[in-house]
Amino acid sequence: MSISRDESRFQVLWTDFLEGELEDAPYQELRGMLAADAELLEEATRLYQTHHLLGLLAAEEPSREEAFVQETMARLPVSQDRLVSRIMSKLPHSREKAFGPRAGRSWRQWIAPFALLCVLVLYLQYFSPGGRHIAPTPAGNTASLAELGTQGDVRLANQSRARFFGELASPTGSSVPTGREYVLIEGLVELSFPQGATAIIEGPAVYRVLSTECLAMDMGRCSVHAPDGAEGFRVETPSTRVVDRGTRFTVSVSELNETDVQVVEGAADVYRYPHHAPRHDDAEEVEDLPLVKRLVHGEARRFTGAGSAPMLSVPFDPAAYRALLPDRVVSYEATRENGGARELLDVTIQRGGKLQHIPAAELIPAEVVWFRGNLLNVHLVGEDVLPEMRTWMSSDFSLITGIINPGGSETPLTSNPILQRDEATGEMGTPGMAFRFERPVVNGPGADVVLFDIQSFSNPPQGDAFHVSPLHFREGLKSHTIQQFDLTMESPAALDIASFNVFRFEEPINSPGELERIACVPQRQVVKFRALAVGIDLSDLGYADGEEVAGLFIQDALDDKHYIDPVFVGGLPTRETGER
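Take the sequence shown: its position 135, counted from the start at 1, is 134 in numbering that gives the first Met the number 0, and no numbers get skipped.
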């Protein structure tokens with residue numbers, strides 16, 4: 000059979016397969032074709048990625064289709080990293096940024112290759128054999144820099160709310176390919192280099208790893224730490240080269256190619272490219288470039304261009320240097336059921352700059368003592384059979400049971416919430432839900448409470464905004480609004496959860512008593528959900544260090560049509576459990 004006929008036959012069989020119309024004999028024929036032809040195998044994978052992404056929200060039962068796809072993926076002749084690199088190699092290459100004054104190409108020319116890359120990355124994230132979640136490094140998604148430094152390549156050591164243009168964030172601990180351009184829309188990432196240097200990059204930024212000792216910043220800011228053994232680490236910008244001389248320094252590149260360099264500790268040499276000379280991305284000798292300035296501790300300069308452009312003094316700002324990523328929920332682990340997370344096992348969280356690994360059994364459960372819902376009348380998620388007390392559903396460690404869709408307010412509370420319904424007057428209590436902890440939570444460094452929320456792909460990817468308030472206000476206490484979760488829909492550490500039921504009530508729920516007694520009807524969810532997580536710092540509510548807090552009040556922020564769906568709220572223990 001000629002190649003053209005072979006491809007034509009493949010297209011017919013593959014189309015029938017995607018549409019569910021392939022009989023057994025043609026099905027076996029298709030399997031044989033893919034087993035014999037690596038190029039058809041890769042083409043089938045690409046076509047299936049597009050087809051499956053269009054049905055991303057549909058939860059599918061195991062079938063011949065899924066088994067066949069897993070068999071197909073297992074025979075791919077290249078690894079996932081190599082497959083991504085192959086697609087990346089087909090993108091237009093330029094040392095200039097793909098936007099702004101330096102861009103020489105129309106942005107429309109990038110749509111098709113970026114779309115192909117997005118499809119590929121999303122497929123590998125969500126539909127690779129064995130499930131969507133890619134296991135983090137053993138250090139709970141924040142790898143030891145010493146461990147990463149011995150692995151011989153550049154690694155993504157940490158990340159916080161990182162969002163990239165055209166792709167999902169890679170799992171923490173992943174290798175960072177040399178020469179690939181990353182467009183960090185928002186958030187922060189920390190890169191670790193084999194010789195011990197680290198760089199924290201703040202979005203928005205455009206950057207590339209050029210070698211194991213070199214980072215290129217086309218736009219944005221990075222904070223570099225090069226300890227003993229990492230001397231000579233350099234940062235390339237469109238007009239300058241910054242070389243470490245044993246130091247901590249920041250490099251900030253504007254859209255106009257202005258480069259600000261300031262040294263927080265030690266010294267750094269700044270070299271400038273000749274006027275109109277192209278920038279070299281290889282290991283060009285530093286001595287080939289003219290040394291403009293050696294900066295030492297407390298000095299800051301702005302380099303406005305190549306050649307003889309003036310160098311300007313700028314105010315030294317030590318706060319611009321970022322030594323650590325923010326305190327946050329880093330990751331969590333849970334038991335699995337049919338590929339989905341079910342029971343929370345542990346949480347890894349950074350508190351006061353220190354990483355803590357906390358088993359679920361050491362978290363402080365919270366009981367729902369007040370609830371007034373919204374007009375959706377869907378307020379429970381859980382198993383097929385409800386427990387004796389429905390309010391208990393938010394006190395266990397299950398990520399698929401809880402009390403959801405509390406009422407809310409556009410304006411945060413400034414006085415005590417009303418936690419009862421006046422039957423005599425008919426006056427309702429405050430919309431929202433009140434939690435009382437099993438024992439008081441002590442306000443310490445960083446987050447003191449962790450909240451898990453379930454979210455589907457049709458909901459806001461950053462999570463539903465909500466207000467958290469004291470149960471009893473006094474001078475100095477206030478409400479705090481959380482606009483974005485630490486682990487969002489786009490976070491590699493956020494897990495898909497197992498299937499569950501939602502329970503729809505016959506009438507609105509305006510009290511915990513009504514939540515217990517009013518009839519509700521279960522409905523099995525077929526939409527894919529994911530468990531998001533965020534830490535709540537009691538200091539943001541005005542509590543003093545060491546102060547004990549008995550409970551909290553939560554309201555949806557009513558900033559859109561979606562409502563928060565908390566499935567677990569727990570206090571963090573005071574002892575430094577599992578600190579690393």
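The C-beta atom is built at its ideal place from N, Cα and C for all residues, glycine as well.
Compute the Euclidean distance between the alpha carbons of M388 and I508, then round it to the nearest angstrom.
Looking at the two C-alpha atoms, the distance is approximately 16 Å.
Taking just the CA atoms, how far does V566 sit from G381?
C-alpha separation (whole angstroms): 10 Å.
In angstroms with no decimal places, state the Cα-to-Cα distance between G172 and L398.
CA-CA distance, G172 to L398, rounds to 26 Å.
Proximity winner among Y331, V269, G372 and G297, relative to P289 (alpha-carbon distances)
Scanning Y331, V269, G372 and G297 for the CA closest to the CA of P289 turns up V269.
Between the CA atoms of S457 and K477 - distance to the nearest angstrom:
A straight-line Cα-Cα distance of about 32 Å links K477 and S457.
Mind reading off the beta-carbon distance from E185 to G202? Whole number of angstroms is fine, and I expect it under 8 Å.
Correct: roughly 4 Å between the Cβ atoms.
Where L362 falls, given that 16 or more other Cβ within 10 Å makes a residue buried:
Only buried fits L362, as 16 or more other CB atoms lie within 10 angstroms of its CB.
What residue does the beta strand (DSSP E) around A35 start on, and which one ends it?
Looking at the DSSP string, A35 is not in any beta strand (DSSP E); the run it does join, the alpha helix (DSSP H), is D23 to A35.
Cβ-based neighbour list, L557, same chain, cut-off 7 Å, excluding 5 preceding and 5 following
Excluding residues within five positions, the ones whose Cβ falls inside 7 Å are G407, S408 and E409.
Straight-line gap, R154 to A433 (C-alpha atoms, nearest Å):
So the two alpha carbons sit approximately 42 Å from each other.
Could you tell me if G351 is buried or exposed, where buried requires 16 or more neighbouring beta carbons within 10 angstroms of its beta carbon?
Counting Cβ neighbours within 10 Å, G351 comes out exposed, since fewer than 16 surround it.
Let's see if you can read the secondary structure: which residues bound the beta strand (DSSP E) around R327?
For R327, the uninterrupted beta strand (DSSP E) segment begins and ends at R327 to E336.
Would the stretch 247-267 and the stretch 220-229 be scored as touching if the rule is three or more Cβ pairs under 8 Å?
The stretch 247-267 is in contact with the stretch 220-229.
By the DSSP assignment, the beta strand (DSSP E) with L581 in it spans what residues?
No answer is possible for residue 581: the residues shown for the chain start at 0 and end at 579.
Express the C-alpha separation of R179 and I86 in angstroms, rounding to a whole number.
With a pLDDT of only 40 at I86, under 50, the local geometry of the prediction cannot be trusted, and no value is derived from it.
DSSP-derived helix/strand/coil call for S510
Correct three-state label for S510: coil.
Count the other CB atoms, across all protein chains shown, that sit within 10 Å of the CB of S490; report buried if there are 16 or more and exposed otherwise.
Counting every other CB atom within 10 Å of its CB across the protein chains shown gives S490 a total of 16 or more, marking it as buried.
Pull the bridge partners of L531 from the DSSP assignment, please.
DSSP links L531 through a beta bridge to D452.
How about the stretch 330-350 and the stretch 446-465: do they share at least three Cβ pairs that are nearer than 8 Å?
Segments in contact, yes.
Residue range of the beta strand (DSSP E) that includes L191
The question names Leu, yet the displayed sequence has Ser at residue 191. Residue range E180 to S191 is occupied by the beta strand (DSSP E) that includes S191.
Does S312 pass the burial test, meaning 16 or more other C-beta atoms within 10 Å, or should it be called exposed?
An exposed status is given to S312, since fewer than 16 other beta-carbon atoms sit within 10 Å of its beta-carbon.
CA-CA distance, I453 and D326?
Rounded to the nearest angstrom, the two C-alpha atoms are 22 Å apart.
Please work out which residues of its chain come closer than 6 Å, Cβ to Cβ, to S510, disregarding the five sequence neighbours upstream and downstream, and give them in chain order.
Within the same chain, and ignoring the five residues on either side of S510 in sequence, the residues whose Cβ sits closer than 6 Å to its Cβ are R420.
Is E422 closer than 9 Å to S394 when the C-beta atoms are compared?
Taking 9 Å as the Cβ cut-off, S394 and E422 do not qualify as a contacting pair.
Contacts around A492, its chain only, beta-carbon distance under 8 Å, and the 5 residues preceding and following it disregarded
Closer than 8 Å at the Cβ level, and outside the excluded window around A492, lie P135, N140, P170, T171, V329, S330, Y331 and L486.
Under DSSP, the beta strand (DSSP E) around F370 begins and ends at which residues?
For F370, the uninterrupted beta strand (DSSP E) segment begins and ends at I363 to R371.
Sequence-distant residues of its chain with Cβ nearer than 6 Å to E547 (five each side left out):
Answer for E547: P439 and V441, listed in chain order.
In this structure, does DSSP put E657 in helix, strand or coil?
Any property of residue 657 remains undetermined from this structure, which presents the chain solely from 0 to 579.
Under 9 Å between C-beta atoms of A225 and V262:
Taking 9 Å as the Cβ cut-off, A225 and V262 do not qualify as a contacting pair.
Check whether the stretch 370-386 and the stretch 498-507 touch, using three or more Cβ-Cβ pairs below 8 Å as the test.
Counting Cβ pairs under 8 Å, three or more are found: they touch.
Please determine, among H466, A360, E336 and E264, the residue with the shortest C-alpha to C-alpha distance to A318.
Looking at the Cα atoms, E264 is the closest of the given residues.
Exposure label - T246; buried when at least 16 CB within 10 Å:
Using a 10 angstroms sphere on the CB of T246, the tally of other CB atoms reaches 16 or more, which defines it as buried.
Does the structure place the stretch 465-483 close enough to the stretch 529-539 that three or more beta carbon pairs sit under 8 Å?
The count of Cβ pairs closer than 8 Å, one atom from the stretch 529-539 and one from the stretch 465-483, reaches three, so the stretches are in contact.
Segment limits, beta strand (DSSP E) that includes M310
Per DSSP, the continuous beta strand (DSSP E) segment holding M310 begins and ends at M310 to S312.
Can you name, in chain order, every residue of its own chain whose Cβ lies under 6 Å from the Cβ of V205, other than the five neighbours on each side?
Counting only Cβ-Cβ distances below 6 Å, and skipping sequence neighbours, we find K96, V182, D217 and M218.
Terminal residues of the beta strand (DSSP E) in which M488 lies
Looking at the DSSP string, M488 is not in any beta strand (DSSP E), and its letter there is neither H nor E.
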